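Protein chains in written order, with my numbering: chain A, 191 to 619; chain B, 191 to 619. We put the CB at the ideal spot given by N, CA and C, even for glycine. Please read all numbers here as calculations on a predicted model, not as lab measurements.
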């Protein structure tokens, strides 16, 4: 971990640059997978199924029987925990369903927007070292609340050909039944273009490795919508003397254990805190099963001393962190100055893992500086807003001459004529 | 124009395919422009300025003096029309600024979202055959309402080196003063990466030709956000016997005059209407200055007869039109069944050109079937929603055990530890 004292403002830009990821050959490899699935469909999916997962037989779709078994396999205490998280996520994501008013902009001209669910969505849940059933909640619950008609889920099977029961149980609990045991770029391609077994969807959500991420990026160019661009996970903590070094260290490490490419940063106006946090990290990291991963991530990470908390906030806004924790007596005040962040955690008891699992906010968030222009996943992400307008006879009389003038000024006489004919017909009435 | 009677449902898919656009060599050409602007900045911009626009000298930034001149040049009646449109667009787009509630998901755990403006945005306004000052309103007004701090506008100059006064006047009226006389892929690249003269922005909006569209697509892969993918403009009209053939023909033509690649479609359950509309089109098209463009567009276009209005709606949902006009006695009823569309116009007096200019709704809309997953531009497009959570001591006591269980089940012990340490500290109090 680098410690940096009072960086010049002219150096902030370079400090905000994320660690480089080696993407050599990635695009060609992924393009190849996508093209193959696009043309050969299921045949290609089975080919990659064998090549990458070492599996040859069995239906791509997870059976009802396998789903039922998962209900028995998941321990009751985990079920209770999932239920609590589910209730909180539902609660917060329901609050995002807001009906907008009808506006009468001119007498006889009414305008409004209606939220309509994206009819078909695909959720991707990575396999690998940890079964991310929490992500099933974070994507599935808003999809259900939005009212998406067809919700499918793709997730890789283990070496035994089985999908992790925690993932199946959670999907079942929220009412997702179309689950496919397929991972990687081939899963993204299958959802984007459809195969004999796997339905085509209009928007694809979810995290994944570099292949998955690149595949989402490529199908997006073909008009398939995706949740947001992806990058390694990160946390930035603004801490002052009121912060608890033990908690700060634990929060930095909880992010660092995500992956070797994670980045964790602490900004402070208190030099003593830096030393205390360093010591705590050294102590706590020894006990982590994912110690090696965390150690790698810490190499990309920084503790930075600033002269004021305002400078900490300014730097944080330049960095645009995915997760921002503010451990300060002035947390509320400082939070009002935040312009770029994915999700913000206020005060010493708001740890990132609380939001990762159960406060109710979504954990699918813009990373890699994308928080400058992207929001995290929310119920909105599963909706489109269609605008409507109703112009009656009075409305076109009121607004018609304005439209005629503007259309003519843009040299669009067909546009003008559509109004002129209507105005003329009303003069004849 | 093709007339199609009672198409089989199995053929709907192919009828919904948009006319193919020849994009050969486009990507390489645009990549080249982007790379050059990215590395050589202003030098490259001036190079393309000379190459494509035939202009060599002068500042890229439009001077205050030139902007002031535009105020004199725009006739008063156009100014009045622009003011009316501006008021309506402001009215409707203000109604989209909704403050969301704070949700206490568990005692001691508060969650909320805050809308924060995207700090730096770039608007692109095409030049060419028509000065699209209406698009300045449609992009600039929501950007201002959202509170974007830096709003820049790029638009190509004419052969005389001047930007159209209508565009300058409109930009000035809504308070945009950073205007650059630069068009094409080089303008998109300049806004995406910044040059000595042109500031880098976080999100780029606006229509354009194939070069502009491709440039937006390519910079998006580099993490710069864009409003939406683009395609040729289109209208679909659902009309029954209550429709006025004169109005329907005028609306189809007003879309057809946009460009040779536009597509216009009428769906009806009334065979007589098809004949009447055809005759009206033949009559009206003779009077259009952009007749040749409209004739080209009509080659891509269709009049389709269905057995019922419900089938018309189903087909429309498969097509997902950018603009949907419903000329039917049952317009309100049918509109409730619309799942995919950009903007919907209800009744015989709601012509598309009304929404293009002045009802108050936005005219930057998802085309090419993208309405299945994208919304049109709105005030939301210029905002991010940052989520916040505040967990106090009581909150972590209530929610802590749930988080510990879930983190452990995902094998993320660092995540668990961040909670355990807090719970432990509270037991010691």
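Minimum Cβ-Cβ distance from residue i to chain A less than 7 Å
i, result
"residue 317 of chain B", "no"
"residue 415 of chain B", "yes"
"residue 411 of chain B", "yes"
"residue 596 of chain B", "yes"
"residue 252 of chain B", "no"
"residue 478 of chain B", "yes"
"residue 349 of chain B", "no"
"residue 393 of chain B", "yes"
"residue 483 of chain B", "no"
"residue 167 of chain B", "What the structure shows of chain B is the stretch from 191 to 619, and residue 167 of chain B is not part of that stretch, so it cannot be assessed."
"residue 291 of chain B", "yes"
"residue 454 of chain B", "no"
"residue 337 of chain B", "no"
Option nearest residue i by Cα separation, candidates the options
i, options, result
"residue 539 of chain B", "B:508, B:501, B:473, B:434", "B:434"
"residue 488 of chain A", "A:450, A:525, A:495", "A:450"
"residue 306 of chain B", "A:413, A:300, A:562, A:486", "A:562"
"residue 312 of chain B", "B:583, B:259, B:361", "B:361"
"residue 341 of chain B", "B:413, B:475, B:333", "B:333"
"residue 486 of chain A", "A:494, A:475, A:495, A:320", "A:475"
"residue 214 of chain A", "A:616, A:495, A:401", "A:401"
"residue 335 of chain B", "B:373, B:592, B:408, B:569", "B:569"
"residue 583 of chain B", "B:349, B:612, B:216, B:482", "B:612"
"residue 473 of chain A", "A:438, A:454, A:501, A:412", "A:438"
"residue 321 of chain A", "A:338, A:367, A:500, A:344", "A:344"
"residue 206 of chain B", "B:598, B:506, B:294, B:550", "B:506"
"residue 271 of chain A", "A:252, A:550, A:412, A:286", "A:550"
"residue 239 of chain A", "A:560, A:216, A:375, A:253", "A:375"
CB contact below 7 Å: residue i versus chain B
i, result
"residue 617 of chain A", "no"
"residue 217 of chain A", "no"
"residue 443 of chain A", "yes"
"residue 260 of chain A", "no"
"residue 612 of chain A", "yes"
"residue 206 of chain A", "no"
"residue 353 of chain A", "no"
"residue 582 of chain A", "yes"
"residue 438 of chain A", "no"
"residue 201 of chain A", "no"
"residue 562 of chain A", "yes"
"residue 406 of chain A", "no"
"residue 605 of chain A", "yes"
"residue 467 of chain A", "no"
"residue 430 of chain A", "no"
Short Cβ contact (7 Å threshold) for residue i with residue j
i, j, result
"residue 422 of chain B", "residue 452 of chain B", "yes"
"residue 383 of chain B", "residue 228 of chain B", "yes"
"residue 537 of chain A", "residue 521 of chain A", "yes"
"residue 328 of chain A", "residue 558 of chain A", "no"
"residue 393 of chain A", "residue 308 of chain A", "yes"
"residue 531 of chain B", "residue 576 of chain A", "yes"
"residue 580 of chain A", "residue 300 of chain A", "yes"
"residue 443 of chain A", "residue 330 of chain B", "no"
"residue 293 of chain B", "residue 281 of chain A", "yes"
"residue 598 of chain B", "residue 587 of chain B", "no"
"residue 429 of chain B", "residue 517 of chain B", "yes"
"residue 348 of chain B", "residue 248 of chain B", "no"
"residue 391 of chain A", "residue 276 of chain A", "no"
Rounded Cβ spacing between residue i and residue j (contact assumed at less than 8 Å)
i, j, result
"residue 324 of chain B", "residue 600 of chain A", "6 Å"
"residue 525 of chain B", "residue 534 of chain B", "6 Å"
"residue 566 of chain A", "residue 298 of chain A", "Going by Cβ atoms, the distance from residue 566 of chain A to residue 298 of chain A rounds to 40 Å, so no, they are not a contact pair."
"residue 224 of chain A", "residue 510 of chain A", "Not a contact, Cβ separation roughly 30 Å."
"residue 523 of chain B", "residue 494 of chain B", "So it is not a contact: roughly 21 Å between Cβ atoms."
"residue 357 of chain B", "residue 235 of chain B", "Wrong, their Cβ atoms sit about 19 Å apart, outside the cutoff."
"residue 427 of chain B", "residue 441 of chain B", "6 Å"
Counted within 10 angstroms of its Cβ, other Cβ atoms place residue i as buried (16 or more) or exposed
i, result
"residue 419 of chain A", "buried"
"residue 467 of chain B", "buried"
"residue 261 of chain B", "exposed"
"residue 243 of chain A", "buried"
"residue 278 of chain A", "buried"
"residue 196 of chain A", "exposed"
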